[in-house]
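These protein sequence lines are chains A and B, in that order.
In terms of the numbering used here, the first sequence is numbered consecutively and its last residue is 360.
In terms of the numbering used here, the second sequence is numbered consecutively and its last residue is 1360.
All C-beta atoms, glycine included, are put in the ideal place defined by N, C-alpha and C.
The next block holds one structure in the form of C-alpha cells; read it before the comments.
There are 2 protein chains.
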Amino acid sequence: MHTLTVELAERSYPIHIAPGLLHHPELLRPHLRGRSVAVVTNETVAPLYLETLSRTLASLGITPLQIVLPDGEACKNWQTLNQIFDALLEARCERGTTLIALGGGVIGDMGGFAAACYQRGMPFIQVPTTLLSQVDSSVGGKTAINHPLGKNMIGAFYQPGLVLADIATLRTLPDRELSAGLAEVIKYGLIRDLDFFTWLEGHMQGLRSRDEALLEEAVYRSCQHKAQVVAADEREQGERALLNLGHTFGHAIETGMGYGEWLHGEAVAAGTVMAAQLSARLGWLQQADVQRVEALMRAAGLPIRGPRLGAERYIELMRHDKKVQEGRLRLVLLRALGHAVVSDAAPEAEIRAAIESCCQ
Amino acid sequence: MHTLTVELAERSYPIHIAPGLLHHPELLRPHLRGRSVAVVTNETVAPLYLETLSRTLASLGITPLQIVLPDGEACKNWQTLNQIFDALLEARCERGTTLIALGGGVIGDMGGFAAACYQRGMPFIQVPTTLLSQVDSSVGGKTAINHPLGKNMIGAFYQPGLVLADIATLRTLPDRELSAGLAEVIKYGLIRDLDFFTWLEGHMQGLRSRDEALLEEAVYRSCQHKAQVVAADEREQGERALLNLGHTFGHAIETGMGYGEWLHGEAVAAGTVMAAQLSARLGWLQQADVQRVEALMRAAGLPIRGPRLGAERYIELMRHDKKVQEGRLRLVLLRALGHAVVSDAAPEAEIRAAIESCCQ
C-alpha cells in the first residue's frame, strides 16, 4: 500500500492507494466520528461496490444510510444535490454524520459540496472508483456542481478527512473512462515532471491493459504531485492554477457540447493539445514537443482534436472560466514539456489560430 | 462612529457602526478588489437604500450589478439563491467581483451563502439594514438557506471582509422588526453580560422610540459580544453555541408555523422564555428571574408565549436542530441571568413541562 499525506496543518489528511482497500475497515475507523454514516453513490457504482463498502462498515457496527443518485455529468446540478440534502434530513442525520462519496468525479464533487453545506459542514471521506477521481478530483478539496452557464461554477473548498483509492475498482471501469483518467495523469507529467511524462510514454500499453502495479504507481505519482501543489496553494491563488492545463479549452468543449457528451478527461486531452499548440505558436515549444503530446494522448486512447464549435464560440465560453481576471483570458501554457506557467501573454488572434488548428 | 474588529487572524475584519455610513465611500474603498461589484438586496430595501449605496459606489467609479430579490424568510431557499447565481453568471461576474448584501438577515444569510459558493468564494461585504442583522446575523460568518425540513440547514461558514452598520437605516424599520431585533440584543445580556441586561431594562423605551445614540450603543455592545464569541470559537465547537439561547425552541416555532409567520426574533423571544422557565425547573433560576426576562421581552414589544403546537411536536422539531448529538437534545440554558451554558441535563419531561407552561 502507498500512503501519502496532504499537508494542510490541522486539516491534513492521508491518501491510501492499493488494490482491495474497500475491504479494510481499520483504514476507515479512525476517521469516523460516532456511528452515523451516509454513503453517496450512483446507480452505476452501487451494484458494483456499495455492498462491499457496507459490509466493511458493518464490521465496525455501522449501518450506513445509502443515497443512490442517477449517473452522469448531466446530473451534477442543484436537483441532484438536493436529493442528498433531502435524504440526509429525512434520516435526521446530524452534523457529526460522516458522508462517504463512493464513485467518480461527479459523485466526489457533489458529495463533497453536500458535505460542505449540510448544516454548514460535516465530516467527509472520498472513496474514488475511477482513475480520474483517484488521480485528481478526490484530492485537494475542490467541490462543486455545474450551472447551465458554466461548469463547476457553484461550489466550495472543502477537504476530505481521508481518501481511499482502491485500485481494484478500476477493473470495472469502462475503457473510455480509463482513457479519460489518463489525460489527468499525463497532465502532471506535462506541468511539472518530465521524467513521469517519459515513464508514461514507456508504460502506456501496460496501463491501458490495467496492470495493477503500474496503475498503483501512476496513481501514487499523480497524487504526490496533486498533494504537493494543494499543500502549497490550497485556494488557487497561484501555483494550483497550473493543474488546469488544458481545462479552460476543455471546459469550453464540455459546455459547448452540453455536459456529458464529452468526458471531462477527453475534453482536457483535446484542450491540452490546444494549449501545447498555442505554446508552440508563442515559440515556447517545438512542433516535435507538440507531436509527443499528441502521440501520448493518442496512445492513451484520447482525442487530440476538439469539436468544430468555431473559435469565436470557444473564446466566448472560455471567458466564463473562473481564472478570468478583469476580463483578460489567463491560460495555463507550457514553457517546455514538464514546465507549465499561467499567462495572459497570448494575443487573441493566436488563441483563435491554435483552436482552429486543433479542431477536427 | 464606533469601530471594532472581529479577530480571526488573516480573515479579521472591521465592523463600523454609526448613522449615515451608507454615504461614506472611503469606508468601502479599501475592501473592494477591482471595480466589479454586485449588490444583493430585496424589493423592500431597494427603494429605500439601493440608490444611496449605488451613488456612493458611483463616486468610486463603480456601477454595481443590482440583484433585487423578493422579500421574506419564505424566499430564503434554493430558488432565490439560484436567482443570485443566474444574475452573476449572466453578467459574467468573476470570482474577484465583490458581493455586497444590503438588507436584513435573510439577505445577509443568502447573499453570504451565494458569495461563499460562487466560483468557490468571492469577496463579500455586509451592509445590514435591520436591527437583527446589525446585532447578530451580519457578524460571524454564518450563512445559510432554509430547507423544508429545517431552518438554516444548508449553508457555510464564510466571513465578510467588512460590516457597515448604518444606524440611520433603522428609521424605516417597521416596529415589529425593531422589536424582533431587540430579542437578540437582550440575548447578549442574558448569556454573558448582566450589566447590559440591566442597562436594557433602563433604556427600553428610548430604544423603541429610536433614539440613535441609544441604538448605536446597543448595536455596538451587541457586536462586541458577538465578535468576542466568534473570535474564540468561529466554527461553533463550544462557546459560540451559547449564542443560540432560545433558538432551538425558536426554530421549532418558526418551522412548526411555516417560515415567515413568526419573525425570527419573535420566535427567539418566546423560545428564550421557555429556556428561562426550563432553567428555573432545574433550580438554576428563580421565578423572579424568569419574570425579569418576561418583563423585558414584553417591554421590547415581543411575545413571551409560543404557539400551541403541542409539546410533542416542539420536541420532534427540536430534534432537527444542528446542536443535536447522537440523538440527545442539547439546549442553551441559564445558570443565572448573565450566565448561559450548553446542557443536555434537562429530562425530556421537564422540557415538555416548560414548553407547555410557555404556550398561549
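Under the three-state DSSP convention, the category residue i falls into
| i | result |
| --- | --- |
| residue 1158 of chain B | coil |
| residue 1115 of chain B | helix |
| residue 107 of chain A | helix |
| residue 153 of chain A | strand |
| residue 22 of chain A | helix |
| residue 259 of chain A | coil |
| residue 1086 of chain B | helix |
| residue 138 of chain A | coil |
| residue 203 of chain A | helix |
| residue 1337 of chain B | coil |
| residue 143 of chain A | strand |
| residue 324 of chain A | coil |
| residue 211 of chain A | coil |
| residue 1005 of chain B | strand |
| residue 30 of chain A | helix |
| residue 1129 of chain B | coil |
| residue 361 of chain A | Residue numbering for chain A in the displayed model covers 1 to 360; residue 361 of chain A lies beyond these limits and cannot be assessed. |
| residue 1183 of chain B | helix |
| residue 169 of chain A | helix |
| residue 1357 of chain B | helix |
| residue 349 of chain A | helix |
Beta carbon of residue i nearer than 8 Å to that of residue j
| i | j | result |
| --- | --- | --- |
| residue 1280 of chain B | residue 1253 of chain B | no |
| residue 154 of chain A | residue 145 of chain A | yes |
| residue 340 of chain A | residue 282 of chain A | no |
| residue 359 of chain A | residue 301 of chain A | no |
| residue 1105 of chain B | residue 1183 of chain B | no |
| residue 1160 of chain B | residue 1033 of chain B | no |
| residue 186 of chain A | residue 296 of chain A | yes |
| residue 1163 of chain B | residue 1137 of chain B | no |
| residue 63 of chain A | residue 50 of chain A | no |
| residue 119 of chain A | residue 1322 of chain B | yes |
| residue 1210 of chain B | residue 1240 of chain B | no |
| residue 157 of chain A | residue 114 of chain A | no |
| residue 212 of chain A | residue 347 of chain A | no |
| residue 1165 of chain B | residue 1006 of chain B | no |
| residue 88 of chain A | residue 38 of chain A | yes |
| residue 24 of chain A | residue 52 of chain A | no |
| residue 285 of chain A | residue 336 of chain A | yes |
| residue 1247 of chain B | residue 1219 of chain B | no |
| residue 16 of chain A | residue 27 of chain A | yes |
| residue 2 of chain A | residue 216 of chain A | yes |
Among the options, nearest to residue i - alpha-carbon criterion
| i | options | result |
| --- | --- | --- |
| residue 151 of chain A | A/231, A/255, A/90 and A/184 | A/255 |
| residue 1338 of chain B | B/1003, B/1208, B/1276 and B/1109 | B/1276 |
| residue 1130 of chain B | B/1102, B/1113 and B/1144 | B/1102 |
| residue 76 of chain A | A/235, A/141, A/108 and A/92 | A/108 |
| residue 343 of chain A | A/330, A/323, A/161 and A/123 | A/330 |
| residue 54 of chain A | A/156, A/352, A/301 and A/127 | A/127 |
| residue 188 of chain A | A/222, A/66 and A/163 | A/222 |
| residue 1173 of chain B | B/1134, B/1233, B/1092 and B/1234 | B/1134 |
| residue 81 of chain A | A/234, A/348, A/357 and A/68 | A/68 |
| residue 1202 of chain B | B/1192, B/1088 and B/1214 | B/1214 |
| residue 327 of chain A | B/1353, B/1097, B/1336 and B/1288 | B/1097 |
| residue 92 of chain A | B/1088, B/1316 and B/1355 | B/1316 |
| residue 1356 of chain B | B/1287, B/1273 and B/1332 | B/1273 |
| residue 1014 of chain B | B/1031, B/1025 and B/1083 | B/1031 |
| residue 334 of chain A | A/298, A/287, A/180 and A/263 | A/287 |
| residue 44 of chain A | A/71, A/78 and A/57 | A/71 |
| residue 1195 of chain B | B/1178, B/1225 and B/1206 | B/1225 |
| residue 1230 of chain B | B/1025, B/1011 and B/1001 | B/1011 |
| residue 1260 of chain B | B/1083, B/1066 and B/1180 | B/1180 |
| residue 94 of chain A | B/1354, B/1318 and B/1332 | B/1318 |
Near the ligand MG: residue i beta-carbon under 7 Å from a heavy atom
| i | result |
| --- | --- |
| residue 359 of chain A | No copy of the ligand MG appears in this structure; indeed no ligand is present at all. |
Cβ-based contacts, 7 Å cut-off: residues of the stretch 1155–1169 of chain B near chain A: So the close ones are 1155, 1156 and 1157.
Closer than 7 Å, Cβ to Cβ, to anything on chain A: give me those residues from the stretch 1315–1344 of chain B, in chain order. Flagged, chain order: 1319, 1320, 1322, 1324, 1325 and 1326.
Within the stretch 1046–1088 of chain B, note down every full alpha helix (DSSP H) run reaching 4 residues or more, in order along the chain. 1051–1058
Entirely enclosed alpha helix (DSSP H) segments - the stretch 1217–1298 of chain B, minimum 4 residues: Complete alpha helix (DSSP H) runs here, min 4: 1247–1257 and 1264–1281.
Selection of the stretch 185–204 of chain A by Cβ proximity to chain B, strictly under 8 Å: none
Short-range partners of chain B found in the stretch 115–135 of chain A, where Cβ spacing is below 8 Å: Residues passing the 8 Å Cβ filter: 116, 117, 118, 119, 120 and 121.
Can you list, in chain order, the residues of the stretch 1082–1093 of chain B whose Cβ is nearer than 9 Å to any Cβ on chain A? Under the 9 Å Cβ criterion, the stretch 1082–1093 of chain B contributes 1082, 1085, 1086, 1088, 1089, 1090 and 1092.
With 8 Å as the limit, tell me which residues of the stretch 246–266 of chain A have their beta carbon closer than that to any beta carbon of chain B; keep them in chain order. none
Give, in chain order, every residue of the stretch 1221–1237 of chain B whose Cβ lies closer than 9 Å to some Cβ of chain A. 1235 and 1236
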